[in-house]
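Chemist: This structure is in structure tokens; I'll ask about it shortly.
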Amino acid sequence: MLKGAAGLRGMQAPDVWVPDNEDATAPSMRDEGAENIVDVVSEHGADFPGEIHPRIVWHRDSPSTRYQGFQRMLRIADPEDGAGEHIDGFVVPEVGGIDDWKKADEFITIVEREHGLEDGSIAMSVIVESGAAELAMGELRDEMGKPDNNLERMFLLVDGEVDYTKDMRAITPTGELPPWPELRHNTSRGASAAGCIAVDGPYDDIRDVEGYRERMTENQAKGMLGIWSLTPGQVVEANRAPLPPESGSWLLDAGGREVELAEEDGVQAYDGDALSLTETDDGYVLSVDGDDLELDADELREELLDRAAYVPSLNDIVDSMEEFEAAKEAGRGAIAMTRSATIRIDGVEIDIENDRMWDEATYQAAMTPIDVFQDVYEHRPDQHEDLEDIYGEDVVERATAVGT
């Protein structure tokens, strides 16, 4: 399994590879598992395109478990066997309050000094799997930088909902996990405040690709751009999800459910049962789940504008940013940008159009997906060909240059 992961490239390779010496390794085999990590990383680590952060054992309530984790970090990071130079950090599960985070940090500092490494050179990530760890995220920012710790090494904050559910003693009628949107929000907030990266935990139904995508869409609205992946297929989805789409699309609220419209010869066509539209002598009748709205042409346009939303492509975002940059250079602080479409419902076509004001704040907000794209392009040269296949060479070139 480790050799297979080490050989992944392009969109199948994760940004952070976590060789798992905790849950994915039988307790009686963890010493051998650590040796396997050393063997594989020493041989293949130099060529792996992402970072390598093994997960070790740890538990806030068990000194013996913490000691085992320390011993395995010491072994895996040993530069004598060739793996240490490729280890970027360690993932520490089952942490408790902030003092427990400091214990893990101190162990890593000892590992660094034992192997002659610079303090803080090994990153530390934690999995938030308890109420105490969730509260500790609120203290992290104040603790970082104090002379009695090296918590500035913090890298990923990962929510671990299975063990968090156990710690919270939560019960659902079906036995399934609660959705825990609060935990994901708090993890994202804690990461933002401390300059870390927020990562959602595993999505166990590895066949449910659509559910995995929906989960990532929800997370991205919370600022959580990372997600744990269990298979190469999930990695591909996770690598593509935070990036802008290849082509733009229109969405229409059809009875409380957003439906993507199909483009047919430049017209955005709705094909469903929740909405129907009829043209009458006096105007139009728009039916929404059986409720009729009698509207004139202007009222219909306003109704459809309220129901419609546009999802911009990477090319759309770059176009808008370049237009604003040109306006700024010409001495204009704000400009209006127009978006228009023709929507067809039951054969009836209506033109809609709206203007959006772009100023510096709008421009900076648009930079978020561009920042992600540029970050990927800079750090993952093995994905350059994939990105050019998706977007085209010209769009990729402009996207890497805009805003810089």
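Quick note, the sequence shown lines up with residues 4 to 407 if you use this note's numbering.
Cβ atoms here follow ideal geometry from the backbone N, Cα and C, with glycine treated the same way.
(1) Please determine, among Arg383, Leu120, Glu88 and Ile200, the residue with the shortest C-alpha to C-alpha distance to serine 128.
(2) If you reduce the DSSP assignment to three classes, tell me which class valine 98 lands in.
(3) In its own chain, which residues sit with a C-beta less than 8 Å from the C-beta of lysine 6, not counting the 5 before and 5 after it?
(4) Can you tell me where the alpha helix (DSSP H) holding methionine 157 begins and where it ends?
(5) Is it buried or exposed for arginine 172, if we count other Cβ within 10 angstroms and need 16 for buried?
(6) Between glycine 406 and methionine 360, which are expected to be in contact by the criterion C-beta below 8 Å, what is the C-beta distance as a whole number of angstroms?
(7) Assess, as a yes-or-no matter, whether the segment 239 to 251 is touched by the segment 375 to 392 under the definition of 3 or more beta carbon pairs within less than 8 Å.
(8) Can you pull the DSSP bridge partners for valine 288?
(9) Across which residues does DSSP place asparagine 357 in a beta bridge pair?
(10) Using only the alpha-carbon positions, how far apart do aspartate 349 and arginine 218 sit?
(11) Give me the Cα-Cα distance between glutamine 386 and asparagine 152, rounded to the nearest whole angstrom.
(12) Going by DSSP, what residues sit across from isoleucine 230 in a beta bridge?
(13) Which stretch, first to last residue, makes up the beta strand (DSSP E) that contains glutamine 271?
(14) Would you kindly work out how many angstroms separate the C-alpha atoms of aspartate 122 and arginine 116, rounded to a whole number?
(15) Within 10 Å of its beta-carbon, does threonine 283 have 16 or more other beta-carbons around it, so buried, or fewer, so exposed?
(16) May I ask you to report which of helix, strand or coil DSSP gives methionine 4?
(17) If I measure Cβ to Cβ from valine 398 and keep anything under 7 Å in the same chain, skipping five residues before and after, which residues do I get?
(18) Using the rule of at least 16 other Cβ atoms within 10 Å of the residue's Cβ for burial, across every protein chain shown, is isoleucine 59 buried or exposed?
(19) Quick check on the burial criterion: 16 or more other C-beta atoms within 10 angstroms. Buried or exposed for tyrosine 273?
(20) Please check the pair isoleucine 55 and aspartate 18, which I expect to be a contact at CB under 8 Å, by giving their CB distance rounded to whole angstroms.
(21) Contact between the segment 93 to 109 and the segment 139 to 157: three or more CB pairs below 8 Å?
(22) According to DSSP, simplified to helix, strand and coil, what is leucine 317?
(23) Would you identify the three-state DSSP class for isoleucine 393, choosing helix, strand or coil?
(24) Near aspartate 292, what residues of its chain come up, given a Cβ to Cβ distance below 7 Å and the 5 sequence neighbours on each side ignored?
Modeler: Looking at the coordinates:
(1) Reading the sequence shown from its first residue, position 125 is the one you call residue 128. A check of alpha carbon separations from serine 128 across Arg383, Leu120, Glu88 and Ile200 identifies Ile200 as the nearest.
(2) Translated into positions along the sequence shown, residue 98 becomes position 95. Residue state, collapsed to three classes: coil.
(3) Residue numbering aside, residue 6 sits at position 3 when the sequence shown is read from its first letter. Only Val43 and His47 meet the Cβ criterion.
(4) Taking the first residue of the sequence shown as position 1, residue 157 is located at position 154. Looking at the DSSP string, methionine 157 is not in any alpha helix (DSSP H); the run it does join, the beta strand (DSSP E), is 157 to 162.
(5) The count along the sequence shown starts at 1 and reaches residue 172 at position 169. Here arginine 172 is exposed, its C-beta having fewer than 16 other C-beta atoms within 10 Å.
(6) The residue labelled residue 406 in the question sits at position 403 within the sequence shown. The residue labelled residue 360 in the question sits at position 357 within the sequence shown. Between glycine 406 and methionine 360 the beta-carbon gap is near 19 Å, outside 8 Å, which marks them as no contact.
(7) Cβ pair count under 8 Å is three or more, so yes.
(8) Residue mapping note: residue 288 aligns to position 285 of the sequence shown, counting from 1. Note: valine 288 is bridge-paired with Thr281 and Glu297 in the DSSP secondary-structure output.
(9) Counting from 1 along the sequence shown, the entry for residue 357 is found at position 354. Paired residue(s): Arg342.
(10) One-based indexing of the sequence shown puts residue 349 at position 346. One-based indexing of the sequence shown puts residue 218 at position 215. Cα to Cα, aspartate 349 sits roughly 33 Å from arginine 218.
(11) Taking the sequence shown and counting its residues from 1, the one referred to as residue 386 is at position 383. Taking the sequence shown and counting its residues from 1, the one referred to as residue 152 is at position 149. About 37 Å.
(12) Position 227 of the sequence shown, counting from 1, holds the residue named residue 230. Under the DSSP definition of a beta bridge, isoleucine 230 partners with Asp203.
(13) If you number the sequence shown from 1, residue 271 lands on position 268. Unbroken beta strand (DSSP E) run through glutamine 271: 270 to 273.
(14) Residue 122 sits at position 119 when you count from the first residue of the sequence shown. Residue 116 sits at position 113 when you count from the first residue of the sequence shown. Their Cα atoms are separated by approximately 7 Å.
(15) The sequence position of residue 283 within the sequence shown is 280, counting from 1. The residue is exposed, with fewer than 16 neighbouring Cβ atoms inside 10 Å.
(16) As a working mapping, residue 4 is identified with position 1 in the sequence shown. In this structure, methionine 4 counts as coil in the three-state DSSP scheme.
(17) Here residue 398 refers to the residue found at position 395 of the sequence shown. Cβ neighbours of valine 398 within its own chain (closer than 7 Å, five residues either side excluded): Leu317, Asn318 and Val321.
(18) Within the sequence shown, residue 59 is the residue found at index 56, counting from 1. So isoleucine 59 ends up on the buried side.
(19) Here the question's residue 273 lines up with position 270 in the sequence shown. Here tyrosine 273 is buried: its Cβ has 16 or more other Cβ atoms, across all protein chains shown, within 10 Å.
(20) Residue numbering aside, residue 55 sits at position 52 when the sequence shown is read from its first letter. Residue numbering aside, residue 18 sits at position 15 when the sequence shown is read from its first letter. Under the criterion of beta carbons closer than 8 Å, isoleucine 55 and aspartate 18 do not qualify as touching, at roughly 11 Å.
(21) The segment 93 to 109 vs the segment 139 to 157: in contact.
(22) For this step, residue 317 is matched to residue 314 along the sequence shown. Of the three classes helix, strand and coil, the one that applies to leucine 317 here is helix, per DSSP.
(23) Your numbering for residue 393 matches position 390 in the sequence shown. When DSSP states are grouped into helix, strand and coil, isoleucine 393 belongs to the helix group.
(24) Within the sequence shown, the letter at position 289 stands for residue 292. Once the five neighbours on either side are set aside, the close Cβ partners of aspartate 292 are Gly258 and Ala277.
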